[in-house]
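Read the structure below first, then the notes.
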Amino acid sequence: MDAEIYIRQMMPEDLDRALALKNTEGWNQTREDWQFFLRQQPSLCLVAVAEDKPVGTVTAVTYQSRLAWIGMMLVDRKYRRKGISKMLMREILHRLEGFSTIKLDATPEGRFVYQQLGFKKEYSLWRFVRKANPSRQEPDRDEGISPVSMENLPGLEKLDTMVFGAGRDNVLRYLLAAFPAGAFMLEERGEIKGFLFSRKGSNFTQLGPLVAKDESVACRLINQALAHLNEPSLVLDIAASRQELMSWLVNRGFEQRRELIRMYLQDNRYSGIPEKYYLIAGPEFG
Numbered sequence: 054m055d056a057e058i059y060i061r062q063m064m065p066e067d068l069d070r071a072l073a074l075k076n077t078e079g080w081n082q083t084r085e086d087w088q089f090f091l092r093q094q095p096s097l098c099l100v101a102v103a104e105d106k107p108v109g110t111v112t113a114v115t116y117q118s119r120l121a122w123i124g125m126m127l128v129d130r131k132y133r134r135k136g137i138s139k140m141l142m143r144e145i146l147h148r149l150e151g152f153s154t155i156k157l158d159a160t161p162e163g164r165f166v167y168q169q170l171g172f173k174k175e176y177s178l179w180r181f182v183r184k185a186n187p188s189r190q191e192p193d194r195d196e197g198i199s200p201v202s203m204e205n206l207p208g209l210e211k212l213d214t215m216v217f218g219a220g221r222d223n224v225l226r227y228l229l230a231a232f233p234a235g236a237f238m239l240e241e242r243g244e245i246k247g248f249l250f251s252r253k254g255s256n257f258t259q260l261g262p263l264v265a266k267d268e269s270v271a272c273r274l275i276n277q278a279l280a281h282l283n284e285p286s287l288v289l290d291i292a293a294s295r296q297e298l299m300s301w302l303v304n305r306g307f308e309q310r311r312e313l314i315r316m317y318l319q320d321n322r323y324s325g326i327p328e329k330y331y332l333i334a335g336p337e338f339g
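Going by this note's numbering, the sequence shown opens with residue 54, and the numbers climb by one from there.
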């Protein structure tokens, strides 16, 4: 007889098991990322339990009262095809009642589960990865681009809210505190033209979010990260529509990997300004 499966709130003592599930899938999140979610809204971090152990996870983070973002949907391979993903999703959606817009970034496999729950495709993303290459010539440093300090955050948060569609000061402050050397901005004549944050993951350093006035600013910010960051492996997620920028990334040593599908439930009221949003913060953050 199949083991009883039930959903409960994640506890700090579940983190080792959650990390083991994540590592099996080769995902990039760290223990600190999980702790961020637990600090933000513990009631939106859930586990599915079978045989007295967590066998599935899901998280959500909310941005103002506008937008909720679902992430970290993981199910132990031995317990798949038992409806656990749908159980987790139904419970997290129940807890997110009242939000007019709920979003997530799905794998092609997960897309079908979310479609059955009413999610619709917004657009596709592509993951690009750059592995270490000691012989690679990095670009020169751009003297017009400066590091981000805490004093810069109010201006960056205002721009990010317009472009992303909702305020996520909590994420920007977390990223800057965790990896200040990976945050850059371009300001000219008192106007912020763009910014890039980065995050150290368990497998790669992730570039993003990147907000920019235009593609030339986006390229300058990425080049600055390549010039400054002595990181062996980099990853980023970019909208599939940016064909020219994707070719530019390939010329700088990035390889195209897997697709992600950005999806929304109910009303895509807070879509922001996608044409100025070049790299996402990550599938778990939006």
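Don't be surprised by glycine CBs; every beta carbon is placed ideally from N, CA and C.
Roughly how many angstroms lie between the CA atoms of residue i and residue j, to the nearest whole one?
i: Phe250; j: Leu206; result: 12 Å
i: Ile60; j: Ser153; result: 24 Å
i: Leu302; j: Asp290; result: 11 Å
i: Gln62; j: Leu170; result: 21 Å
i: Arg70; j: Gln94; result: 20 Å
i: Arg194; j: Leu332; result: 20 Å
i: Leu229; j: Ala236; result: 7 Å
i: Gly218; j: Leu260; result: 20 Å
i: Ala280; j: Ser118; result: 38 Å
i: Val166; j: Glu204; result: 43 Å
i: Met125; j: Val288; result: 18 Å
i: Leu141; j: Val216; result: 30 Å
i: Pro187; j: Leu282; result: 14 Å
i: Arg134; j: Ala293; result: 30 Å
Whose C-alpha, out of the options, is nearest the C-alpha of residue i?
i: Lys329; options: Gln309, Lys246, Gly306; result: Lys246
i: Asp105; options: Asp267, Trp122, Glu66; result: Glu66
i: Ala101; options: Phe90, Asp86, Ala56; result: Ala56
i: Phe248; options: Asp267, Ala231, Ser96; result: Asp267
i: Tyr227; options: Arg311, Ile155, Phe90; result: Phe90
i: Ser96; options: Ser202, Glu196, Ser188, Leu149; result: Leu149
i: Arg92; options: Met140, Arg133, Met64; result: Met64
i: Glu85; options: Glu144, Pro192, Ala231; result: Ala231
i: Glu144; options: Asp129, Arg164, Ala113; result: Ala113
i: Arg295; options: Pro107, Ala271, Asn283, Leu282; result: Ala271
i: Asp320; options: Glu175, Arg134, Arg310; result: Glu175
Using a Cβ-Cβ cutoff of less than 8 Å, which residues in the same chain neighbour residue i once the five nearest sequence positions on both sides are dropped?
i: Ser286; result: Val182, Arg183, Lys184, Ala185, Asn256, Phe257, Thr258
i: Leu354; result: Within the shown structure, residues of the chain are numbered from 54 to 339, placing residue 354 beyond reach of any answer.
i: Val201; result: Leu209, Leu229, Pro233, Ala236, Phe237, Met238, Phe248, Phe250
Who pairs with residue i in a beta bridge, going by DSSP?
i: Arg61; result: Val100
i: Lys174; result: Met316
i: Phe237; result: Pro200, Leu249
i: Glu244; result: Glu241
Can you give the beta carbon distance from residue i to residue j, rounded, assuming they're within the 8 Å contact cut?
i: Ile198; j: Arg273; result: 6 Å
Spatial neighbours of residue i within its chain, please: CB distance less than 7 Å, with the 5 preceding and 5 following residues excluded, ordered by chain position.
i: Val224; result: Ala334, Phe338
i: Lys173; result: Met316, Tyr317
Enumerate in chain order the residues of its own chain whose CB-to-CB distance from residue i is below 6 Å, with the five nearest sequence positions on each side excluded.
i: Arg26; result: It is not possible to answer for residue 26, since the shown part of the chain is limited to 54 through 339.
i: Lys156; result: Trp122, Tyr317
i: Leu209; result: Phe248
i: Ile275; result: none
i: Leu120; result: Thr154, Ala219, Tyr323
i: Val108; result: Ala101, Asp129, Tyr132
i: Lys253; result: Phe232
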